[in-house]
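One structure below.
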Amino acid sequence: MNKENMRYITIALAKGRLAGKTMEVFNRLGINCNEMNDKSTRKLIFVNEEYKLKFFLAKANDVPTYVEYGAADIGFVGKDTIAEEGRKLYEVLDLGFGKCDFCVAGPPEAGALLEKGELIRVATKYPNIAKKYFYDEKHQTVEIIKLNGSIELAPIVGLSEVIADIVETGATLRENGLVVLEKIMPLSARMIVNQVSMKMEKERITKLIQEIKGVIENENA
Ligand code: PRP
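Adding 325 to a residue's 1-based position in the sequence shown gives its number in our numbering.
This is how it looks when you write it as structure tokens:
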């Protein structure tokens with residue numbers, strides 16, 4: 326197809342470290358967006374005319390929403406966010422970076438409460454993942470308390486017995502006298518695709534998936 330008539334493929338990136346890592350992968354493919362490197366820019370959309378791609382940065386939680394509604398054809402975001410949001414979309418590729426675990430954690434003595442299946446309080450930024458784990462998988466009744474950050478505080482100040490949260494290096498837990506009590510699932514960055522875009526732009530999107538896969542496999546080789 327003549328490039329002039331080619332439609333833009335829009336890509337949503339989760340703001341932060343993950344966006345940087347994702348752009349490194351695109352750079353390896355020769356797809357650059359120099360405007361994005363300008364830290365002072367307030368621009369929201371970055372265009373690559375050569376490949377007819379548009380990139381935008383969004384809050385991680387909103388990336389699956391943009392992709393489900395087709396405002397973005399493709400998204401790059403953590404598995405934690407995908408699992409929490411439960412949107413209708415295709416998860417097509419594990420990028421292998423941003424690896425961490427979703428865990429139940431707390432003071433060591435909270436382990437006994439979990440084992441006995443006592444009615445405990447679980448603080449988390451991810452109530453849907455926590456509900457699915459405790460209610461559907463463990464069939465354990467707990468009270469889930471939604472927080473927006475610094476989750477490790479909750480058991481320390483007595484808001485909850487345990488937390489359900491992301492553990493990367495484990496440093497935050499260690500420095501606050503907390504331990505991993507149960508592992509819920511491994512996490513990493515994923516590529517997601519809108520279900521209609523996958524049909525309408527099958528050729529371009531499939532090619533992009535293959536190329537990105539190639540970069541990742543090369544790096545891990
Ligand atoms: C995340 C997570 C843990 C911490 C884990 O929080 O919620 O608090 O990182 O990392 P670690 O195992 O390497 O210590 P984030 O820094 O994203 O901020 P938040 O607490 O405001 O959610």
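By construction, the Cβ of each residue, glycine as well, lies at the ideal position given by its N, Cα and C atoms.
Item	Value
Check whether Lys457 and Lys471 have beta carbons under 9 angstroms apart	no
Residue nearest to Ser513 in terms of C-alpha spacing, selected from Ala339, Met331, Thr335 and Arg332	Ala339
Per-residue burial, Gly345 [other beta carbons within 10 Å of its own, 16 or more giving buried]	exposed
CB of Leu506 within 9 angstroms of CB of Ala448, strictly	no
Residues sharing a beta bridge with Lys379, DSSP	Thr335 and Val372
Opening and closing residue of the beta strand (DSSP E) in which Tyr415 lies	Tyr415 to Asp419
Rounded straight-line distance, which links the Cα of Glu500 to that of Cys425	18 angstroms
Closest by C-alpha distance to Lys404, when choosing among Ile454, Glu443 and Phe459	Ile454
Same chain, Cβ closer than 6 angstroms to Arg412, neighbours up to 5 away in sequence not counted	Pro389 and Glu393
CB contact flag (Ile407, Lys377, <9 angstroms)	no
Same chain, Cβ closer than 7 angstroms to Tyr415, neighbours up to 5 away in sequence not counted	Ile517, Val518, Gln520 and Met523
Classification of Asp461 by the beta-carbon crowding that lies within 10 angstroms, buried from 16 upward	exposed
Environment of Met331 [buried if 16+ CB atoms lie within 10 Å]	exposed
Backbone secondary structure at Val540 - three-state DSSP	helix
Enclosing beta strand (DSSP E) for Glu500 [first to last residue]	Unbroken run through Glu500 is the alpha helix (DSSP H), Ala496 to Glu500; no beta strand (DSSP E).
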